[in-house]
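K.L.:
4 protein chains.
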Amino acid sequence: MTTTRLEAFSDGVLAIVITIMVLELKVPHGAGFADLKPVLPKFLSYIFSFIYVGIYWNNHHHMFHAIKKINGKVLWANLLVLFCLSLLPFTTDWMGENLFAKNTVALYGFNLLACSLSFILMERLAIQHEGGQSTYAKAVSSLRKERLSLTIYVVGTLLSFFLPIVSLVLFYIVAIMWVIPDTRIEKTLD
Amino acid sequence: MTTTRLEAFSDGVLAIVITIMVLELKVPHGAGFADLKPVLPKFLSYIFSFIYVGIYWNNHHHMFHAIKKINGKVLWANLLVLFCLSLLPFTTDWMGENLFAKNTVALYGFNLLACSLSFILMERLAIQHEGGQSTYAKAVSSLRKERLSLTIYVVGTLLSFFLPIVSLVLFYIVAIMWVIPDTRIEKTLD
Amino acid sequence: MTTTRLEAFSDGVLAIVITIMVLELKVPHGAGFADLKPVLPKFLSYIFSFIYVGIYWNNHHHMFHAIKKINGKVLWANLLVLFCLSLLPFTTDWMGENLFAKNTVALYGFNLLACSLSFILMERLAIQHEGGQSTYAKAVSSLRKERLSLTIYVVGTLLSFFLPIVSLVLFYIVAIMWVIPDTRIEKTLD
Amino acid sequence: MTTTRLEAFSDGVLAIVITIMVLELKVPHGAGFADLKPVLPKFLSYIFSFIYVGIYWNNHHHMFHAIKKINGKVLWANLLVLFCLSLLPFTTDWMGENLFAKNTVALYGFNLLACSLSFILMERLAIQHEGGQSTYAKAVSSLRKERLSLTIYVVGTLLSFFLPIVSLVLFYIVAIMWVIPDTRIEKTLD
């Protein structure tokens, strides 16, 4: 089985997830700049989630650029990744609407954790199907970045019940860590 | 006529159908976890329908991986499949909003039945156009799985007027039956 | 310039147009079948527009299957077609919400007319760019079907101020006329 | 890294951005043509933004038709372009809802400016990665059209606090300037 349609379908879902969040930015009734103020926290959380979905699209792109053959298990793991990501508009919106209140940041962190775990699951299943000797398998074998992200997500989610702002900073650090191009893969593949 | 654009268009529609259901998860106004409680039944029905649309995408993928040439009839049968699937967000939402009340489960079961029948129709038309001697035709010739699904859908829909929970369990069994990779096709095609 | 991305972008827009109409089917609050009654006219108009968008996707598919090279004019004419089609969810919804009242059917007819005119414009520009000697140009040269459709749209739109039901029947006849595969093209291309 | 998936993903996002604006056209409750009047300003701003997104899709299409290899920086610059464009439904709607009031036109102009700047950034990064000697690099090297657009956007945004109508006319002139096919590229590439 080739990856063409899996990529096309995933592109579709990710494009929708990344864009429908803007529908949650309800236009205020007044025409003054002050009327935009209540939209601001939602806007900030939109930027945040846009970056996250962008990262996942990027990693997805890198992964299926390297991996060429998949099986039924990978298809379903991919659907699990898409499912977790499809919940981001909801958790983002809840967080934005409640001005980054403790519980809402915790749920958001939990959602990021679920996305991350499902992505790692998909990666492992794909590598296993390829035989573990592929270039991609070697490139991502260390899992250092993944382990660090997971740890920060867990810490951040727990911490959010006390210091939600610190959690957001932690999640933000993970994001930056991933925005910086994945040199492991680029190096190995070149 | 080749299947490239039929697949691209179907991927688009399925990606939207699977994702817009999340728009029905209205963010609660409070920031407590208890405030999320009314969203729970809708969330459960979202998971349910996500799996179903995932199954259809999977089967669609398998089918058009094997079938290479189509005609106008298959195009229209495919649109009928997409139409039936596009109603899932509505029936899912009605069921979730009314806590899986009898009528709503019946309508949901009827919707699943319509999806299933239209998919079988498309499959038959495609096989007929290919001449019935193709590998795919032989792989799915027994129709055992399809017949079993249809029977369960009809039983489940009728039963939902008395025991909606049992119907949901039945629909769930059909889902699992299909999530397990379609070994018939994989075996024959390999 | 090749047509790959024009087709991909159009597939995306058409997939969204055909699917967002289902978002207008607002889930009723009650769980009885009688509660679904107010949704019925909207559902009927949804079916209607689904078929129309399906026809346009079909014709678009046929056309760019035959035409291989385009220029900037064709790109913009294609955007005009997509714009006219993107208004269908609005006019469909207005018609469904007002139980097929005269004005609403007239606007719907006008929308169908605009879609049809813009499609013919795109077709002419594409044929002109190809040199007019292509197989596709010959296949659609008679314009008989197009002329008949346009006439019915104009008559139907005007008539809708007096007999909206008759207009809908006329629009329905045009739809059926196009659902029947475009044998002109299939014959010539085979 | 090839551009196939970047194009597919961008097509998806742009298709959604261009189409969801129609969801903001709320269907009026009455069935008279007069009831459509409040929708008119929103409809006008929809047309406006549809053309703008169309222009960006067109330019995107031209650019990645010429550029074949990208790196991580271009991927992220592309996501920035998509982010700026994804805000258009919001700023368009605010402007339409407030009858083109001063502040709303200013924000709209600022949004157009951001789209333009991010697109130029992406273009520069892509050219830099290609080595600056490519046909595309030469075709767009003058930047005359880009500089003129940016100047008009800045002037228009500032002016909108005094004469919003003039600003809209200016933005409209930029649009027309870009709708006319980019002969620079077509000439050089042919």
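Chains as they are written, first to last, in this note's numbering: chain A, 27 to 216; chain B, 27 to 216; chain C, 27 to 216; chain D, 27 to 216. Every residue, glycine too, gets a C-beta built ideally from N, C-alpha and C.
#1: Going by C-alpha distance, which of A:Ala34, A:Pro115 and A:Val181 is nearest A:Phe74?
#2: Enumerate in chain order the residues of its own chain whose CB-to-CB distance from B:Tyr72 is below 8 angstroms, with the five nearest sequence positions on each side excluded.
#3: Along the segment 128-159 of chain D, where does the CB come closer than 9 angstroms to a CB of chain G? Name the residues.
#4: Closer than 8 angstroms, Cβ to any Cβ of chain C: which residues of the segment 99-122 of chain B, in chain order?
#5: Is C:Leu51 helix, strand or coil when you go by DSSP?
#6: Give a yes or no on whether 8 angstroms exceeds the smallest Cβ distance from B:Phe76 to chain A.
#7: Spatial neighbours of D:Ser186 within its chain, please: C-beta separation below 7 angstroms, excluding the five flanking residues on both sides.
#8: Please confirm if A:Ala201 has its CB atom under 8 angstroms from at least one CB of chain D.
#9: Would C:Leu51 pass as an interface residue toward chain B - the criterion being a Cβ-Cβ separation below 8 angstroms?
#10: Looking at the secondary structure, which residues open and close the alpha helix (DSSP H) in which D:Leu151 lies?
#11: Taking 8 angstroms as the CB-CB cut-off, is A:Thr177 touching chain D?
#12: Output the boundary residues of the alpha helix (DSSP H) element that contains B:Val180.
#13: I'd like to know whether the C-beta atoms of C:Cys110 and C:Ser160 end up nearer to each other than 8 angstroms.
#14: Run through chain B and tell me which residues come within less than 7 angstroms of A:Val192, C-beta to C-beta.
#15: Please work out which residues of its chain come closer than 6 angstroms, Cβ to Cβ, to A:Tyr162, disregarding the five sequence neighbours upstream and downstream, and give them in chain order.
#16: How long is the line joining the alpha carbons of D:His88 and A:Ser36, rounded to whole angstroms?
#17: Grab the span of the alpha helix (DSSP H) containing C:Thr45 for me, first residue to last.
#18: Going along the chain, which residues of its own chain have a beta-carbon closer than 7 angstroms to the beta-carbon of B:Leu101, five neighbours each way excluded?
#19: If C:Phe82 and C:Leu138 are in contact, beta carbons under 8 angstroms, what's the gap, nearest whole angstrom?
#20: Taking three-plus beta-carbon pairs below 8 angstroms as touching, is the segment 194-202 of chain A in contact with the segment 51-65 of chain B?
#21: Would you say A:Ile230 and A:Val79 are within 8 angstroms of each other, going by their C-beta atoms?
#22: Between the alpha carbons of D:Lys95 and D:Leu105, how many angstroms are there, rounded?
#23: Would a check of beta-carbon distances place C:Phe187 closer than 8 angstroms to chain D?
#24: Round the Cβ separation of C:Ala34 and D:Ala152 to the nearest angstrom and send it over; I've been treating them as touching at under 8 angstroms.
#25: List the residues of chain B whose Cβ lies closer than 9 angstroms to the Cβ of C:Asn84, in chain order.
#26: Mark A:Val166 as exposed unless 16 or more other C-beta atoms lie within 10 angstroms of its C-beta, in which case mark it buried.
#27: Using the beta-carbon of each residue, which ones in chain C are nearer than 7 angstroms to D:Phe35?
#28: Quick check on the DSSP output: the alpha helix (DSSP H) that includes D:Phe59 runs from which residue to which?
#29: Kindly list the residues whose CB is nearer than 7 angstroms to the CB of D:Ala140, restricted to its own chain and excluding five residues on each side of it in sequence; keep chain order.
#30: Along chain A, which residues have their Cβ under 7 angstroms away from the Cβ of B:Leu66?
#31: For chain C, check one thing: does any of its Cβ atoms lie closer than 8 angstroms to the Cβ of D:Leu40?
#32: C:Leu238 to D:Val181, Cα distance in whole Å?
#33: According to the neighbour-count rule (16 or more other Cβ atoms, all chains shown, within 10 Å of its Cβ), is C:Lys164 buried or exposed?
P.N.:
On the basis of the supplied data:
#1: A:Pro115
#2: Met47, Val48, Glu50, Leu51, Thr118 and Gly122
#3: Given the protein chain composition of this structure (A, B, C and D), no chain G is represented.
#4: Lys99, Leu101, Trp102, Leu105, Leu108, Phe109, Ser112, Leu113, Pro115, Phe116, Asp119 and Trp120
#5: coil
#6: yes
#7: Lys128, Val131, Ala132, Gly135 and Ser193
#8: no
#9: yes
#10: Lys128 to Glu156
#11: no
#12: Arg170 to Leu185
#13: no
#14: Those within 7 angstroms of A:Val192 in chain B number zero; the least Cβ separation is about 18 angstroms.
#15: Ala92 and Ile93
#16: 25 angstroms
#17: Thr30 to Ile46
#18: Leu32
#19: According to the sequence displayed, residue 82 of chain C carries Tyr and not Phe. Not really, about 10 angstroms apart at Cβ, beyond 8 angstroms.
#20: no
#21: Since the displayed chain A opens at 27 and closes at 216, residue 230 of chain A lies outside it and no answer follows.
#22: 17 angstroms
#23: no
#24: Incorrect: roughly 20 angstroms between the Cβ atoms, too far for contact.
#25: Gly98, Leu101, Trp102 and Leu105
#26: buried
#27: The premise fails here: D:Phe35 is roughly 11 angstroms from chain C at the closest Cβ pair, so nothing lies under 7 angstroms.
#28: D:Phe59 -> no alpha helix (DSSP H), and no H or E assigned at all.
#29: Cys110
#30: Result: empty, since nearest Cβ-Cβ is about 12 angstroms, beyond 7 angstroms.
#31: yes
#32: The question about residue 238 of chain C has no answer, for chain C in this structure spans 27 to 216.
#33: exposed
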